[in-house]
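Novice: Under our numbering, think of the first position of the sequence shown as 3, with each following residue one higher. To start, I am sharing the structure in question, which I have written as structure tokens.
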Amino acid sequence: MKTVFFASAAVAALIAAPAMAQTVGSASVSYTHSETDVAAVQGLDTDAFALNGAVATPIFGDWTVTAEANVANTESDLAASETTLSGSAALTKVIGSYRVGGFYAANEMPGATLNTFGAVAQKYFDRATVSGVASYGSVYDADIYTVKADAAFYATSDLRLNAGVSFQNVDFGGADFDTVAGTVGAEYQFANSPYSVFGAYTYTDSDDLAVEDNAFKIGVRYSFGGGLQARDRAGARMDLSNNVFVPFFN
Numbered sequence: 003m004k005t006v007f008f009a010s011a012a013v014a015a016l017i018a019a020p021a022m023a024q025t026v027g028s029a030s031v032s033y034t035h036s037e038t039d040v041a042a043v044q045g046l047d048t049d050a051f052a053l054n055g056a057v058a059t060p061i062f063g064d065w066t067v068t069a070e071a072n073v074a075n076t077e078s079d080l081a082a083s084e085t086t087l088s089g090s091a092a093l094t095k096v097i098g099s100y101r102v103g104g105f106y107a108a109n110e111m112p113g114a115t116l117n118t119f120g121a122v123a124q125k126y127f128d129r130a131t132v133s134g135v136a137s138y139g140s141v142y143d144a145d146i147y148t149v150k151a152d153a154a155f156y157a158t159s160d161l162r163l164n165a166g167v168s169f170q171n172v173d174f175g176g177a178d179f180d181t182v183a184g185t186v187g188a189e190y191q192f193a194n195s196p197y198s199v200f201g202a203y204t205y206t207d208s209d210d211l212a213v214e215d216n217a218f219k220i221g222v223r224y225s226f227g228g229g230l231q232a233r234d235r236a237g238a239r240m241d242l243s244n245n246v247f248v249p250f251f252n
């Protein structure tokens, strides 16, 4: 778990010095409640509180380094309270109205670390941002392939609306199952203020395992270096951590 620790420490150091030239980022606190139905078992509840930090800093020319860290405390009907860490680092380049690059992410799991490598791309429009992520991860001798896409629209300079979808295939112990998830969310930044509030709903389904999950998330964010759209365009919001289906791997 040293990789995640060092990633978390690096993000904390950058957030502590937001005056760094051209650095754009944020720090947030959030609460997520999810209800999972597994076959004939209904309403398995999970509650999670999380602290998140993300920064994007130009290093030379059109290249940018993005770092993100997350600390979450989770409690569910299936397990006692547990605190986990995750972190990611990406190197991207701006080419016209596109941003492309690669990344590494580490997620702490019980007794192991999920290591993920992937590629990310973003397309910037006047009032929208479209993002895509493709990755491969490995933990517990499982191979995890994930593809995600998200579209964000700026109804106003202070209101961001987004919708996303992801597909994940897990090959574990000779078994193979697919998971599909869809998310809708919104974030509102108070006028002339670095603070914003956000919320999201995510529906996750795996027909292979007869499992579905409904998750609701709310939170408060502090941003520096720019507003909602500036964080997108600076590469400070890319959702690179590997969100493996909670009931099976967390």
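Idealized CB from N, CA, C, for every residue including glycine.
Which residue or residues does DSSP assign as beta-bridge partners of Asn117?
Specialist: Answer is Ala108, Ser140.
Novice: Report all residues from its chain with a CB closer than 6 angstroms to the CB of Thr85; omit the five preceding and five following residues, and keep chain order.
Specialist: Excluding residues within five positions, the ones whose Cβ falls inside 6 angstroms are Asn75.
Novice: Please state if the CB of Gly89 and the CB of Gly104 are separated by a distance shorter than 9 angstroms.
Specialist: No.
Novice: Going straight from the alpha carbon of Ser195 to that of Ala212, what length do you get?
Specialist: Their backbone Cα atoms lie some 45 angstroms apart in a straight line.
Novice: Identify the continuous beta strand (DSSP E) that holds Ala177 and give its terminal residues.
Specialist: First-last of the beta strand (DSSP E) with Ala177: 177 to 191.
Novice: At which residues does the beta strand (DSSP E) containing Asp207 begin and terminate?
Specialist: Taken as a continuous stretch (DSSP letters only), the beta strand (DSSP E) holding Asp207 covers 197 to 208.
Novice: Going by the CB atoms, is the gap between Ala236 and Val26 shorter than 9 angstroms?
Specialist: Result yes, Cβ atoms of Val26 and Ala236 sit closer than 9 angstroms.
Novice: Between the Cα of Asp180 and those of Ser208, Glu189, Ala154, spot the shortest distance and give me the residue it belongs to.
Specialist: Cα-wise, what sits closest to Asp180 is Ser208.
Novice: By a C-beta neighbour count over all protein chains shown, 10 Å radius and 16 as the cutoff for buried, is Val57 buried or exposed?
Specialist: Val57 should be labelled buried.
Novice: Under DSSP, the beta strand (DSSP E) around Arg235 begins and ends at which residues?
Specialist: Unbroken run through Arg235 is the alpha helix (DSSP H), 230 to 236; no beta strand (DSSP E).
Novice: Closest by CA to His35, which one among Thr68, Asp79, Ala153, Val141?
Specialist: Considering only alpha carbons, the answer is Asp79.
Novice: Mark Tyr156 as exposed unless 16 or more other C-beta atoms lie within 10 angstroms of its C-beta, in which case mark it buried.
Specialist: With 16 or more Cβ atoms within 10 Å of its Cβ, Tyr156 is classed as buried.
Novice: For Tyr205, which option in Thr59, Tyr197, Asp215 has the closest C-alpha, if you only look at C-alpha atoms?
Specialist: Tyr205 has its Cα closest to that of Asp215, out of Thr59, Tyr197, Asp215.
Novice: Whole-angstrom Cβ separation of Ser198 and Leu230, contact assumed at under 8 angstroms?
Specialist: Indeed, because the Cβ distance is near 7 angstroms, the residues count as touching under 8 angstroms.
Novice: Can you tell me which of Leu116, Asn117, Tyr33, Tyr190 puts its alpha carbon nearest to the alpha carbon of Thr158?
Specialist: The shortest Cα separation from Thr158 among Leu116, Asn117, Tyr33, Tyr190 belongs to Tyr190.
Novice: Consult DSSP for Leu242 and reduce its assignment to one of helix, strand or coil.
Specialist: In the structure shown, Leu242 sits in coil (DSSP, three-state: anything other than H, G, I, E or B).
Novice: Write down the C-beta distance between Asn244 and Ile146 rounded to the nearest angstrom, noting that I regard them as a contact closer than 8 angstroms.
Specialist: That belief holds up - the Cβ atoms of Asn244 and Ile146 are roughly 7 angstroms apart, short of 8 angstroms.
Novice: Quick check: what's the CA-CA separation for Ala144 versus Ala107?
Specialist: If I take the Cα positions, the gap works out to 16 angstroms.
Novice: List the whole-angstrom C-beta distance separating Thr68 from Ala232, where the pair is believed to meet the contact cut-off of C-beta under 8 angstroms.
Specialist: Actually they are not in contact, since the Cβ atoms of Thr68 and Ala232 sit about 14 angstroms apart, beyond 8 angstroms.
Novice: Using beta-carbon positions only, say whether Ala202 and Ala183 come within less than 9 angstroms of one another.
Specialist: It is not a contact, given that the beta carbons lie outside the stated cut-off.
Novice: Considering Cα atoms alone, identify which of Ser140, Thr185, Val149 is closest to Asp173.
Specialist: Measuring from the Cα of Asp173, the nearest candidate turns out to be Ser140.
Novice: Just confirm the distance between the C-beta atoms of Asn164 and Ala154, as a whole number of angstroms; I'd bet it's less than 8 angstroms.
Specialist: Sure, about 4 angstroms apart at Cβ, within 8 angstroms.
Novice: Is the distance from the Cβ of Arg223 to the Cβ of Ser28 below 9 angstroms?
Specialist: In contact: Arg223 and Ser28 (Cβ atoms closer than 9 angstroms).
Novice: Between which two residues does the beta strand (DSSP E) holding Gln170 run?
Specialist: That run of the beta strand (DSSP E) goes 161 to 174.
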